[in-house]
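Per the numbering used here, residue 1 is the first one in the sequence shown, and the count goes up by one each step.
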Amino acid sequence: MANSKQAEKRIRQSRVRRDRNRAAMSKLRTSVKALRTAADTDVEQARELLPGTLSLIDATAQKGVIHANAAARRKSRLTRLVNRRTEAAAATEAATE
């Protein structure tokens, strides 16, 4: 329990920040999940979702919710995933022609 006005204020601030960070992480996870699902099913949709997801990752890192290196790692992995699926889809399409 807080013993001073300052401690009470810090608790309030922490609660607000926690809620804000949780909302940002939830939005990020939802976007990444949608991108990964699209990469498995519809490569064109994944290519459309990729820039928005990468932008969201950058914004989340800029706010300090995730570390900059974690953001770079996520962006790299997602981009690599979409590029590999695009290449596989192109190879499959070329093989059927």
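Just so you know, even glycine gets a beta-carbon here, dropped at the ideal spot from N, CA and C.
| Item | Value |
| --- | --- |
| Alpha carbons only, please: which of Leu28, Gln6 and Asp40 is nearest the one belonging to Lys75? | Leu28 |
| In terms of residues, what are the limits of the alpha helix (DSSP H) holding Glu97? | Looking at the DSSP string, Glu97 is not in any alpha helix (DSSP H), and its letter there is neither H nor E. |
| Suppose you measure from the CA of Leu81 to the CA of Val32; what does that come to, to the nearest Å? | 12 Å |
| Going by CA-CA distance only, name the one from Ile57, Thr41 and Leu56 that's closest to Arg85. | Thr41 |
| Put Ile57 into one of helix, strand or coil per three-state DSSP. | helix |
| Using the Cβ count rule (16 or more neighbours within 10 Å means buried), how would you classify Ile57? | buried |
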